[in-house]
Structure formats: C-alpha cells, structure tokens
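Since the structure comes first, as structure tokens, the remarks are kept for the end.
There are 2 protein chains.
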Amino acid sequence: MSEAIDWTPKAHAVLQAASDLFYERGIHAVGVDVIAKRAGVTKKTLYDRFGSKERLVVEYLTERDSQWRRFLDGHLVPADPSPRGQVAAVFNASAAWARERGRKGCSMINAHAEISDPAHPAYPVIMGQKRWMLALFTDLAAAAGVADPRQVGEHIMLLHEGAVVTAGMRAIEDPFTSAAVAASALLE
Amino acid sequence: MSEAIDWTPKAHAVLQAASDLFYERGIHAVGVDVIAKRAGVTKKTLYDRFGSKERLVVEYLTERDSQWRRFLDGHLVPADPSPRGQVAAVFNASAAWARERGRKGCSMINAHAEISDPAHPAYPVIMGQKRWMLALFTDLAAAAGVADPRQVGEHIMLLHEGAVVTAGMRAIEDPFTSAAVAASALLE
DNA sequence: GCACGACTATACAGATCGGTATATCGATGG
DNA sequence: CCATCGATATACCGATCTGTATAGTCGTGC
C-alpha cells in the first residue's frame, strides 16, 4: 500500500483545488503551481502532504468516487424500494449529480482518456467504480426478475454510461430521463 | 475558414504520427518534438505544414471522423437494408472499428475531456460527429416505424455511446453485441 | 522555555513545452 | 541553368513542467 496522507487542513484545501482544476481543465493541463496557488499554499506544502502529482490524481479520483457513492446512496434510500424504482432513482441521482457537479461528464472516463499507462495507480480506482456500477445494475435487474439479469444489467449500464458522457457534451437535451425511459422499457 | 493545408508526403506522415500518439496517449501528453521525431521529420517541417499544434489536433479529429464515416458506410451498404438490419450493422461496424482502431474508446470524447475552452476550433468537429450519429439513429428509428423516433433514436444513441466508452475501458466483455441486443429490443 | 509540526517565501534544478531562426541540401521543372 | 520547393540539421527563444533545497515564521503542547 502507499503511505497514508496526513490530512492537515491545508491538505484538504490542496485536494479541493486540485479536484476542481483536474475536473474542469483535465489532468495534464493543470500544473502543480496552479493547484498550489488556487489552494493558497506553496508547492512545498503540496509536496510535503502528497509527495507527487500522481498521488494527488489518485486521491482526486478516489475521493470523487466515494463522494459519488455517498451521493447515490442518499438518493436510493428514500426512493421507491422496488427494483424498478431503484433503477429510476439511479438515473435521477445521476441527473442531479450532473447538474451540481458534472458539467464535464464522468471524471473516471476523462481521467482514463489522459492516462495511457495501465500500470498507473489510478487505474484500479477507475475500474473499481465501473465494476461497482455494473454490479449494482445487475443486482437490480435480478431483483426485478428479468430472464437474463447479467444481460439486462449490462444494457442499463450502457445506457447510464452513454447518458453520462452525452450529458458532458450536451449532445442530447435531457439524456438521463431519456436513458431512464429506455431502461424502464428494458426491464419489462 | 482556416487556410488549407499543403498535403505533401511528409505532411501525411506528420498527421499519421500525431494521430497515433494523440489517440494513444492523449493530446496534452504529446509534445510536438515527439510527433516530429516519430514522423521522421524536423519541427520546422511540422510547423511549415500545419502552423500550430492546435491545427494538428483539428486535422487529427477531422480526419478520424471522416475515416469513421467511410468505415461505417462500408459496413452499412452491404448489410441488410431494413432499418433493424442497418442498426445492427452500425453496432457491428463499431465493434470492428474498436477491434482495429479503438482500443482507447472514442477519440471525440477523449479530446473533449482534454479541451476546456468551448471556443476551441476542435469543438465543432466533436459536436458534428455526435449530432450526425444521433441523426442517423433517429432516421433509422423513424424508418422502423416506431411511435416516437426521436425518443428511440436517442435511446439507441445512448446505448452506442455507452458501448464505445465501455469498450475503451474494457469494463464489459462484448459491449457492442450487448448494446445491439438492447437496441433491437427497443425497436420492437 | 523550547521543541515540533504546519506552514510561508524564494530560489533553483533539469527537462520539456510550443514555436522560431538560420543555413543547407537535393530534386524537379521552366 | 537556375529558381523554387520540400525537406534537412541545428540552435535558440521564453515559458512552463515536476520536483527539490534553504531558510524562516507561527502556534500548540509538554
């Protein structure tokens, strides 16, 4: 395992600044000087806390992933507990997330586009989220009692991924309700 | 309009090298020195032909877009001409394209992740392809005689986008046949 | 009172970034 | 025969990149 980070107040400020900048402009497009400046911190502090830019990238993706899971959970719990209701709630949550935090699409997909080396420590984080979402949809499809849950789970996953990237590019008016309608039809 | 490019043999070599590198590693991660070296050319030649890296990016995306449209056309013409057959052929073509050229997903989506400025000259190229694909799917849905062609066209578009990004990340075994099955179900 | 941890400020390293300059070469074609 | 064109080699520009080094400030806890 990599060494734990000492989460001093300024460390949080650095990660916050890095997250905003990475997501908005892309990882390679943002230098550590800019991150430090935005955080109101010197580069020294940044390197004392995180050790490298790469580590900062991993923390950015890890934190955003766990925020997304908490956010999703907050939408699933109060929603209609039936499988179909839960699927609808996922798309609702994604729409809300996109509105509040996701004007540039999925941070995992975007990061994946910028990282060429599969040995990069950010890879497990990215793949982990995708696998987790797929498992969620597959479980819901199974609970809904469809004939082939793995197949339908994949279909809903594809609709969801498509909606997320399309929302980031504003190619379709309201991709999440559109995807939700399609997902509902596939669960019949 | 921007000035036309003088397509000397070395200009083609430069674009070829740039395309491979941009797609494989990302745009910001590749410097013009590396492109020139890979093309067996000096930076002078690169700048004589293209004038700027930005222009090279635009040409990269434009060329890849037109290659994709030709590739797709080559798969649509000999396929079953029925609307459902044509939709299936699109997913077949995408699967073949991903196998041959698309190990890192959609170049348009990836480029979009790296370009923050909407005024960037590459934006129209990116949006143009997405709009074109959506129109294609909507037309096919209309030809298939579904009740709401715009809605179903969007659904198939979302499935396709999802399959492309998922293929780039290897999160699902065979996303294109999976997406094709779902699209076929939505056309019932 | 004093050590320690978190931080600031500044400077610098070595490499690479996009882009330009100068000068030279070989082939092609009027 | 000579001008032009595509290309070469090499060197340079200022800026920025990730990362390090030195020195000093400030507040808390023992």
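Chains as they are written, first to last, in the numbering used here: chain A, 1 to 188; chain B, 1001 to 1188. No residue lacks a Cβ here, since even glycine has one placed at the ideal position from N, Cα and C. Nothing here was measured: the structure is a model prediction, and the numbers come from that model.
Look up residue i in the DSSP assignment and say whether it is helix, strand or coil.
i: residue 1138 of chain B; result: helix
i: residue 1130 of chain B; result: helix
i: residue 77 of chain A; result: coil
i: residue 1103 of chain B; result: coil
i: residue 171 of chain A; result: coil
i: residue 1041 of chain B; result: coil
i: residue 1011 of chain B; result: helix
i: residue 1146 of chain B; result: coil
i: residue 1082 of chain B; result: coil
i: residue 124 of chain A; result: helix
i: residue 109 of chain A; result: helix
i: residue 1153 of chain B; result: helix
i: residue 162 of chain A; result: helix
i: residue 1187 of chain B; result: coil
i: residue 3 of chain A; result: coil
i: residue 182 of chain A; result: helix
i: residue 1096 of chain B; result: helix
i: residue 1089 of chain B; result: helix
Can you round the beta-carbon distance between residue i and residue j to whole angstroms, since I take them to be within the 8 angstroms contact cut?
i: residue 154 of chain A; j: residue 1178 of chain B; result: 5 angstroms
i: residue 111 of chain A; j: residue 122 of chain A; result: 6 angstroms
i: residue 26 of chain A; j: residue 105 of chain A; result: So it is not a contact: roughly 11 angstroms between Cβ atoms.
i: residue 29 of chain A; j: residue 1134 of chain B; result: In fact, because the Cβ distance is near 28 angstroms, the residues do not count as touching under 8 angstroms.
i: residue 72 of chain A; j: residue 93 of chain A; result: 5 angstroms
i: residue 2 of chain A; j: residue 55 of chain A; result: 7 angstroms
i: residue 14 of chain A; j: residue 41 of chain A; result: 6 angstroms
i: residue 1162 of chain B; j: residue 162 of chain A; result: 3 angstroms
i: residue 129 of chain A; j: residue 65 of chain A; result: 5 angstroms
Residues within the stretch 1014-1045 of chain B neighbouring chain A, beta-carbon criterion of under 7 angstroms: 1024, 1025, 1026, 1028 and 1029
Interfacial residues, the stretch 1148-1162 of chain B to chain A, with Cβ spacing under 8 angstroms: 1151, 1154, 1155, 1157, 1158, 1159, 1160, 1161 and 1162
Chain B contacts made by the stretch 108-125 of chain A, where a contact means CB separation under 7 angstroms: 109, 110, 112, 113, 114 and 116
Chain A contacts from the stretch 1061-1076 of chain B (Cβ-Cβ distance under 8 angstroms): none
Near-chain A residues of the stretch 1128-1139 of chain B - C-beta to any C-beta below 8 angstroms: 1130, 1131 and 1134
Chain A contacts made by the stretch 1172-1183 of chain B, where a contact means CB separation under 8 angstroms: 1172, 1175, 1178, 1179, 1181 and 1182
Under 8 angstroms (Cβ pairs) to chain B, residues found in the stretch 71-105 of chain A: 104 and 105
Ordered list of alpha helix (DSSP H) runs contained in the stretch 16-74 of chain A, each at least 4 residues: 32-39 and 43-50
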